[in-house]
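Visitor:
2 protein chains.
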Amino acid sequence: MGEGRSLGEVGVISILRSRDLLYICSLTSGTQERVARANWPSRGETETGMSRLALSDTDKQARDWFVDTCESLGCEVTIDEMGNTFAVRPGLKDGPPTFAGSHLDTQPTGGRYDGILGVTAAVEMLRVLNDNWIETTYPVGVVNWTNEEGARFPISMVASGVWAGEIPLATAHNLQEVGGGTATMKSELQRIGYLGSKPATHKDIPMAAHFELHIEQGPILEAEHRKVGVVKGVQAYRWFTVTVSGRDCHTGTTSFAHRADAMLAASRMIVFSHRAASARGALASTGILTLKPGSTNTVPGLVKFSLDIRAPKDETVQEVEDACKQAFMNIANGINVAGLLEGGTESDRHCTVEWKTDSVSPAINFHHDCIQCVKDASEDLFAEKTENLTKIMVSGAGHDSVYTSKRVPTSMIFVPCRDGVSHNPAEYSTPEDCAIGAQVLMGAVLHYDRLRAEKGK
Amino acid sequence: MGEGRSLGEVGVISILRSRDLLYICSLTSGTQERVARANWPSRGETETGMSRLALSDTDKQARDWFVDTCESLGCEVTIDEMGNTFAVRPGLKDGPPTFAGSHLDTQPTGGRYDGILGVTAAVEMLRVLNDNWIETTYPVGVVNWTNEEGARFPISMVASGVWAGEIPLATAHNLQEVGGGTATMKSELQRIGYLGSKPATHKDIPMAAHFELHIEQGPILEAEHRKVGVVKGVQAYRWFTVTVSGRDCHTGTTSFAHRADAMLAASRMIVFSHRAASARGALASTGILTLKPGSTNTVPGLVKFSLDIRAPKDETVQEVEDACKQAFMNIANGINVAGLLEGGTESDRHCTVEWKTDSVSPAINFHHDCIQCVKDASEDLFAEKTENLTKIMVSGAGHDSVYTSKRVPTSMIFVPCRDGVSHNPAEYSTPEDCAIGAQVLMGAVLHYDRLRAEKGK
Numbered sequence: 001m002g003e004g005r006s007l008g009e010v011g012v013i014s015i016l017r018s019r020d021l022l023y024i025c026s027l028t029s030g031t032q033e034r035v036a037r038a039n040w041p042s043r044g045e046t047e048t049g050m051s052r053l054a055l056s057d058t059d060k061q062a063r064d065w066f067v068d069t070c071e072s073l074g075c076e077v078t079i080d081e082m083g084n085t086f087a088v089r090p091g092l093k094d095g096p097p098t099f100a101g102s103h104l105d106t107q108p109t110g111g112r113y114d115g116i117l118g119v120t121a122a123v124e125m126l127r128v129l130n131d132n133w134i135e136t137t138y139p140v141g142v143v144n145w146t147n148e149e150g151a152r153f154p155i156s157m158v159a160s161g162v163w164a165g166e167i168p169l170a171t172a173h174n175l176q177e178v179g180g181g182t183a184t185m186k187s188e189l190q191r192i193g194y195l196g197s198k199p200a201t202h203k204d205i206p207m208a209a210h211f212e213l214h215i216e217q218g219p220i221l222e223a224e225h226r227k228v229g230v231v232k233g234v235q236a237y238r239w240f241t242v243t244v245s246g247r248d249c250h251t252g253t254t255s256f257a258h259r260a261d262a263m264l265a266a267s268r269m270i271v272f273s274h275r276a277a278s279a280r281g282a283l284a285s286t287g288i289l290t291l292k293p294g295s296t297n298t299v300p301g302l303v304k305f306s307l308d309i310r311a312p313k314d315e316t317v318q319e320v321e322d323a324c325k326q327a328f329m330n331i332a333n334g335i336n337v338a339g340l341l342e343g344g345t346e347s348d349r350h351c352t353v354e355w356k357t358d359s360v361s362p363a364i365n366f367h368h369d370c371i372q373c374v375k376d377a378s379e380d381l382f383a384e385k386t387e388n389l390t391k392i393m394v395s396g397a398g399h400d401s402v403y404t405s406k407r408v409p410t411s412m413i414f415v416p417c418r419d420g421v422s423h424n425p426a427e428y429s430t431p432e433d434c435a436i437g438a439q440v441l442m443g444a445v446l447h448y449d450r451l452r453a454e455k456g457k
Numbered sequence: 001m002g003e004g005r006s007l008g009e010v011g012v013i014s015i016l017r018s019r020d021l022l023y024i025c026s027l028t029s030g031t032q033e034r035v036a037r038a039n040w041p042s043r044g045e046t047e048t049g050m051s052r053l054a055l056s057d058t059d060k061q062a063r064d065w066f067v068d069t070c071e072s073l074g075c076e077v078t079i080d081e082m083g084n085t086f087a088v089r090p091g092l093k094d095g096p097p098t099f100a101g102s103h104l105d106t107q108p109t110g111g112r113y114d115g116i117l118g119v120t121a122a123v124e125m126l127r128v129l130n131d132n133w134i135e136t137t138y139p140v141g142v143v144n145w146t147n148e149e150g151a152r153f154p155i156s157m158v159a160s161g162v163w164a165g166e167i168p169l170a171t172a173h174n175l176q177e178v179g180g181g182t183a184t185m186k187s188e189l190q191r192i193g194y195l196g197s198k199p200a201t202h203k204d205i206p207m208a209a210h211f212e213l214h215i216e217q218g219p220i221l222e223a224e225h226r227k228v229g230v231v232k233g234v235q236a237y238r239w240f241t242v243t244v245s246g247r248d249c250h251t252g253t254t255s256f257a258h259r260a261d262a263m264l265a266a267s268r269m270i271v272f273s274h275r276a277a278s279a280r281g282a283l284a285s286t287g288i289l290t291l292k293p294g295s296t297n298t299v300p301g302l303v304k305f306s307l308d309i310r311a312p313k314d315e316t317v318q319e320v321e322d323a324c325k326q327a328f329m330n331i332a333n334g335i336n337v338a339g340l341l342e343g344g345t346e347s348d349r350h351c352t353v354e355w356k357t358d359s360v361s362p363a364i365n366f367h368h369d370c371i372q373c374v375k376d377a378s379e380d381l382f383a384e385k386t387e388n389l390t391k392i393m394v395s396g397a398g399h400d401s402v403y404t405s406k407r408v409p410t411s412m413i414f415v416p417c418r419d420g421v422s423h424n425p426a427e428y429s430t431p432e433d434c435a436i437g438a439q440v441l442m443g444a445v446l447h448y449d450r451l452r453a454e455k456g457k
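Those sequence lines, one after another, are chains H and C.
The numbering used here applies: residue 1 is where the first sequence begins, and numbers increase by one.
The numbering used here applies: residue 1 is where the second sequence begins, and numbers increase by one.
1. Quick one: which unbroken alpha helix (DSSP H) runs of 4-plus residues sit fully inside the stretch 233-279 of chain C? Chain order, please.
2. Give the C-beta separation of Met82/C and Gly398/C to the nearest angstrom, bearing in mind that I take them to be a contact with Cβ-Cβ under 8 Å.
3. Reducing DSSP to helix, strand and coil, say where Leu446/C ends up.
4. Rounded to the nearest angstrom, how far is the Cβ of Ser266/H from that of Val303/H, given a contact under 8 Å?
5. By the criterion of Cβ-Cβ separation under 8 Å, what are the contact partners of Cys249/H in chain C?
6. Bridge partners for Ile364/C per DSSP, in chain order?
7. Counting Cβ pairs closer than 8 Å, one from the stretch 229-240 of chain H and one from the stretch 107-122 of chain H, do we hit at least three?
8. In the structure shown, what three-state DSSP assignment does Thr137/H receive?
9. Is there a Cβ from chain H that is less than 9 Å from the Cβ of Thr46/C?
10. Cα separation between Asp449/C and Tyr138/C?
11. Along the chain, where does the alpha helix (DSSP H) containing Ala183/C start, and where does it finish?
12. Taking only runs that begin and end inside the stretch 324-382 of chain C, name each unbroken beta strand (DSSP E) of 3 or more residues, in chain order.
13. DSSP three-state call for Asp308/C: helix, strand or coil?
14. For Thr46/H, which residues in the same chain have their Cβ closer than 7 Å to its Cβ, ignoring the five residues on either side in sequence?
15. Name the residue from Arg275/C, Val128/C and Glu216/C whose alpha carbon lies nearest to the alpha carbon of Gly339/H.
16. Arg89/H by DSSP, collapsed to three states: which one?
17. Is there a Cβ from chain C that is less than 9 Å from the Cβ of Val482/H?
18. Secondary structure at Thr316/H, three-state DSSP: helix, strand or coil?
19. With DSSP as the reference, label Leu441/H as helix, strand or coil.
20. Closer than 6 Å by C-beta to Ala444/H: which residues in its own chain qualify, once you throw out the five before and the five after it? Chain order, please.
21. Between the C-alpha atoms of His258/C and Gly218/H, what's the straight-line distance to the nearest angstrom?
22. Suppose only complete runs of 3+ residues qualify. What are the beta strand (DSSP E) ranges in the stretch 110-155 of chain C, listed by chain order?
23. Report the neighbours of Gln235/C on chain H: residues whose CB is nearer than 7 Å to its CB, in chain order.
24. With a 10 Å radius around its C-beta and 16 neighbouring C-beta atoms as the bar for buried, classify Gln190/H as buried or exposed.
25. According to DSSP, is Val178/C helix, strand or coil?
26. Locate the alpha helix (DSSP H) running through Leu53/C, then write down its first and last residues.
27. Return no unless some Cβ of chain H is closer than 9 Å to the Cβ of Asn330/C.
28. Can you check DSSP and say which residues form a bridge with Lys292/H?
29. Please state whether the Cβ-Cβ distance between Ser284/H and Leu307/H is less than 9 Å.
30. Taking its Cβ as the centre, do 16 or more other Cβ atoms sit within 10 Å of Gly74/H, making it buried, or is it exposed?
31. When we look at the beta-carbon of Val244/C and count the other beta-carbons within 10 Å, is it buried (16 or more) or exposed?
32. Under the rule that 16 or more other beta-carbon atoms within 10 Å means buried, what is Gly181/C, buried or exposed?
33. In chain order, what residues of the same chain lie with their CB nearer than 7 Å to the CB of Lys292/H, ignoring the 5 residues before and after it?
34. Determine whether the Cβ of Arg310/C lies closer than 9 Å to any Cβ atom of chain H.
35. By Cβ distance below 8 Å, which residues in the same chain neighbour Ala208/C in space, the five residues on each side in sequence not counted?
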């Protein structure tokens with residue numbers, strides 16, 4: 001740590017407390033306004049939202065802003081073959097930078113916080129460090145990851161996945177845009193001038209750690225009146241399509257005793273899945289359901305529904321899956337599972353049930369050191385109120401931090417968002433909450449830098 | 001009753017038993033073959049089915065066959081303004097004819113029995129009466145009703161409805177064909193030459209009674225190994241659209257405690273509706289369900305589903321409706337109804353539920369005399385086996401007999417159909433079951449004629 005410019009006694013945090021909390025607040029929301037206004041075509045009630053698909057013209061505008069701003073703040077900017085953009089502010093010593101970052105792309109009708117907050121807050125961190133003449137021991141960086149949403153090119157977090165060596169570059173480059181267009185990620189990177197020359201790999205672009213500020217995208221922090229989620233990992237999840245086959249028949253002419261009602265069986269299964277997940281502290285959800293033939297006076301012979309099972313631990317997801325598989329088979333066969341057939345009519349005709357696994361995503365555990373840095377940064381801000389204002393939690397959704405965590409120490413910071421709404425123009429976090437998140441982000445990065453300095457690496 | 005040609009001691013039934021059972025059998029299936037082959041374009045596995053939309057060219061062919069055949073059998077044929085076609089075989093006395101009949105139109109991909117069996121069996125009745133030199137006291141008739149299916153012109157049983165004075169002629173005439181065509185019932189009646197001049201009303205075309213043979217369209221007779229359903233009426237039914245509104249949210253980021261999951265609530269409601277109907281000997285079915293927004297990782301905020309409630313009595317339908325209305329509201333509000341929320345997670349967010357009534361059809365009770373005639377005709381055929389081989393039942397579906405019953409004594413005869421399948425090319429009743437139905441139909445008509453003779457009217 002360099003003398004006279006150390007973070008110790010001077011106390012970045014106390015500086016922020018006294019002056020820069022409001023400063024960050026206004027700058028953060030100001031930055032968002034700038035980025036948002038430039039790119040969202042105003043149309044009534046959705047003018048608060050954002051439509052910035054990855055590698056579109058508006059994404060190029062936001063990227064240009066990001067590069068210009070970071071360069072004006074004294075950073076060296078590197079763009080890799082995936083368009084991932086890394087801005088590095090030098091430290092007193094050389095070494096892999098400690099990164100903060102997220103993504104600037106959005107869903108087709110998204111909000112102005114998901115991803116964007118993590119990048120703009122990281123940029124504000126650069127400003128605050130500069131304005132306060134703070135030098136870190138090691139370099140710090142800000143990263144904008146490409147196509148996190150997977151909305152235009154249909155693999156989520158694809159570019160951090162390539163960087164982490166988990167997704168082949170060719171797979172990513174050849175991804176075609178959804179909706180029937182012929183553009184690929186590579187052709188669009190080229191078109192907007194963001195096909196960098198640097199190999200998109202952690203080997204060529206090393207990081208010491210990755211911190212990501214994000215809106216929670218859920219209602220928990222708001223409901224519990226907490227300000228900061230200290231994210232210790234990402235839930236495991238598995239996606240299934242369950243197909244229940246019965247027999248079409250006339251609703252008026254077929255007694256209950258002779259039906260194989262796929263919709264009734266599916267309803268019982270959905271109710272059961274909720275119980276099985278509740279009993280194990282897991283989640284189970286059905287977001288898609290289709291049936292055939294689909295007329296008021298025909299009992300459906302075929303129902304397909306999605307089942308999304310999540311839990312912090314892989315074993316728990318497996319347990320819920322096992323319980324559902326057993327119970328769904330019994331329900332299809334007319335066996336009274338968990339009292340669900342109680343009071344119903346037994347039938348001599350049964351359904352069959354089939355499972356297809358659509359997606360498996362194992363649990364991610366973030367790095368102890370990074371989690372501790374986020375806790376420490378919260379403690380710096382909240383002091384004796386820390387216990388009430390923070391929550392140790394797992395992320396329910398995937399983020400670029402999932403991939404960085406496979407290569408480098410990682411953690412995330414969540415801030416509340418109104419009603420838990422996300423991927424929607426109504427997405428909203430207060431300027432105050434954004435500022436708190438930005439301050440904890442910076443604090444975590446600085447704590448990590450100090451930790452490295454103490455460890456001497 | 002005319003001497004020497006009375007039905008009494010000679011015994012039509014015994015003639016049929018000894019000789020004409022097989023005769024009707026072969027003629028019935030033969031007639032069906034003739035009608036079916038003329039009109040169904042052969043295409044692989046569906047070549048057993050029938051596609052004869054009302055007032056199409058193929059319907060004209062079938063109508064021509066019907067008129068020609070009935071005339072060749074000595075009937076006078078009347079066509080009314082709705083194309084309803086009435087063939088009357090004179091009796092010994094004048095008076096309104098006792099009618100047997102049904103319809104020759106089908107669903108777009110229908111079977112060869114629904115409706116058709118009732119007409120062809122009635123035509124066979126004419127043959128058998130002629131072949132056996134039988135004269136009835138009063139005239140007997142055969143009727144082919146127009147557009148019973150409501151498949152081409154979208155009101156079911158529309159032409160018997162006009163005849164009964166329940167549907168205005170203009171409404172029926174102006175019905176436009178489904179699928180965007182400009183043809184109306186009137187223009188198509190004109191085009192195929194079946195726009196009769198006779199007013200389509202029971203006042204101008206009186207009936208003494210109406211008997212209709214029909215396949216059951218359900219699995220009950222087959223499952224219970226019975227041969228004849230003595231139909232005492234038609235179930236009441238009401239159709240509803242139930243809308244459950246919750247809140248879209250991310251499946252991964254939203255704990256159960258903060259969800260308003262419209263799909264989970266709808267599933268509980270569907271399970272409840274089955275119980276409520278089971279407890280009251282009623283039926284409840286959901287044949288349509290749609291949800292929004294419809295992605296695996298979004299908890300649906302909106303679910304709409306159809307609810308079809310049926311029971312022999314109107315009061316029972318009302319009871320099930322009331323029970324469901326109360327329970328659905330409670331389920332939406334997170335109250336543990338009938339143990340359905342047991343083992344689930346309580347939530348601080350609730351759903352709302354709205355009901356829309358789409359259709360109300362009160363219970364129909366057929367006429368005691370006609371029901372008795374069907375019973376007697378079955379008894380003639382089955383003797384000591386009658387109790388095992390017949391079933392007093394209500395029709396789950398609507399038929400032209402619903403409308404005739406509003407003006408004249410009416411009953412129906414059901415015969416088993418394989419697996420209860422109908423409105424489908426796989427629809428099938430054995431030649432033996434068709435013949436039994438035809439024989440009971442004729443028997444019922446003759447019993448009714450005898451009853452009228454005894455009563456002298």
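Ideal placement from N, C-alpha and C gives every residue a C-beta, glycine not left out.
Computed from a predicted model, the values in this text were never measured in an experiment.
Guide: In terms of the structure at hand:
1. 262-278
2. As a first step, residue 82/C must be located in the second sequence, where it is residue number 82. As a first step, residue 398/C must be located in the second sequence, where it is residue number 398. No, Met82/C and Gly398/C are not in contact; Cβ-Cβ is about 17 Å, not under 8 Å.
3. The sequence position of residue 446/C within the second sequence is 446, counting from 1. In the structure shown, Leu446/C sits in a helix (DSSP, three-state: H, G or I).
4. Counted from its first residue, the first sequence places residue 266/H at position 266. Counted from its first residue, the first sequence places residue 303/H at position 303. First, the residue type needs correcting, since residue 266/H is Ala and not Ser in the sequence shown. Rounded, the Cβ-Cβ distance is 4 Å, consistent with contact.
5. Position 249 of the first sequence, counting from 1, holds the residue named residue 249/H. The contacting residues are Gly218, Pro219, Gly420 and Val421.
6. Residue mapping note: residue 364/C aligns to position 364 of the second sequence, counting from 1. Looking at the DSSP assignment, Ile364/C forms a beta bridge with Val234/C.
7. no
8. Stepping through the first sequence from its first residue, residue 137/H is reached at position 137. Coil, per DSSP.
9. Numbered from its first residue, the second sequence carries residue 46/C at position 46. The predicted position of Thr46/C is uncertain, since its pLDDT is 38 and thus under 50; no value can be drawn from it.
10. Here residue 449/C is taken as the residue at index 449 of the second sequence, counted from 1. Here residue 138/C is taken as the residue at index 138 of the second sequence, counted from 1. Whole-angstrom Cα-Cα distance: 6 Å.
11. For the purposes of this step, residue 183/C is identified with residue 183 of the second sequence, where counting begins at 1. Counting along the chain, Ala183/C falls outside any alpha helix (DSSP H), and DSSP gives it neither H nor E.
12. 352-361
13. Along the second sequence, read from residue 1 onward, the residue named residue 308/C stands at position 308. Reduced to three states, the DSSP call for Asp308/C is strand.
14. Numbered from 1 along the first sequence, position 46 holds the residue referred to as residue 46/H. Residue placement at Thr46/H cannot be trusted, given a pLDDT of 38 that sits under 50; the coordinates are not used to answer.
15. On the first sequence, position 339 is the one that residue 339/H refers to. Nearest of Arg275/C, Val128/C and Glu216/C to Gly339/H, Cα basis: Arg275/C.
16. Start at 1 with the first residue of the first sequence, and residue 89/H comes out as number 89. Three-state result, Arg89/H: strand.
17. No answer is possible for residue 482/H: the residues shown for chain H start at 1 and end at 457.
18. Translated into positions along the first sequence, residue 316/H becomes position 316. Correct three-state label for Thr316/H: helix.
19. Within the first sequence, numbered from 1, the residue matching residue 441/H stands at position 441. It is helical.
20. Your numbering for residue 444/H matches position 444 in the first sequence. Phe211, Cys373, Val374 and Ala377.
21. Against the second sequence, residue 258/C aligns to sequence position 258. Against the first sequence, residue 218/H aligns to sequence position 218. So the two alpha carbons sit approximately 9 Å from each other.
22. 140-145
23. One-based indexing of the second sequence puts residue 235/C at position 235. What Gln235/C touches in chain H: Gly252.
24. Position 190 of the first sequence holds residue 190/H. Exposed.
25. By 1-based counting over the second sequence, the position of residue 178/C is 178. Looking at Val178/C - three-state DSSP - the assignment turns out to be coil, as it is neither helix nor strand.
26. On the second sequence, residue 53/C is found 53 positions in, with the first residue counted as 1. First-last for Leu53/C: undefined, no H or E at that position.
27. Start at 1 with the first residue of the second sequence, and residue 330/C comes out as number 330. Not closer than 9 Å to any Cβ of chain H, the Cβ of Asn330/C fails to qualify, so no.
28. As a working note, residue 292/H is residue 292 in the first sequence. According to DSSP, Lys292/H bridges with Leu302/H.
29. As a working mapping, residue 284/H is identified with position 284 in the first sequence. As a working mapping, residue 307/H is identified with position 307 in the first sequence. The amino acid at residue 284/H is misidentified as Ser; the sequence shows Ala. Result yes, Cβ atoms of Ala284/H and Leu307/H sit closer than 9 Å.
30. Taking the first residue of the first sequence as position 1, residue 74/H is located at position 74. It counts as exposed.
31. Position 244 of the second sequence, counting from 1, holds the residue named residue 244/C. It is buried - the Cβ of Val244/C has at least 16 other Cβ atoms within 10 Å.
32. For the purposes of this step, residue 181/C is taken as the residue at position 181 of the second sequence. It is exposed - the Cβ of Gly181/C has fewer than 16 other Cβ atoms within 10 Å.
33. Counted from its first residue, the first sequence places residue 292/H at position 292. Pro300, Gly301 and Leu302.
34. Residue mapping note: residue 310/C aligns to position 310 of the second sequence, counting from 1. Closer than 9 Å: yes.
35. Position 208 of the second sequence, counted from the start, is the residue given in the question as residue 208/C. Once the five neighbours on either side are set aside, the close Cβ partners of Ala208/C are Gly95, Pro96, Pro97, Thr98, Phe99, Tyr138, Val408, Pro409, Tyr448 and Arg452.
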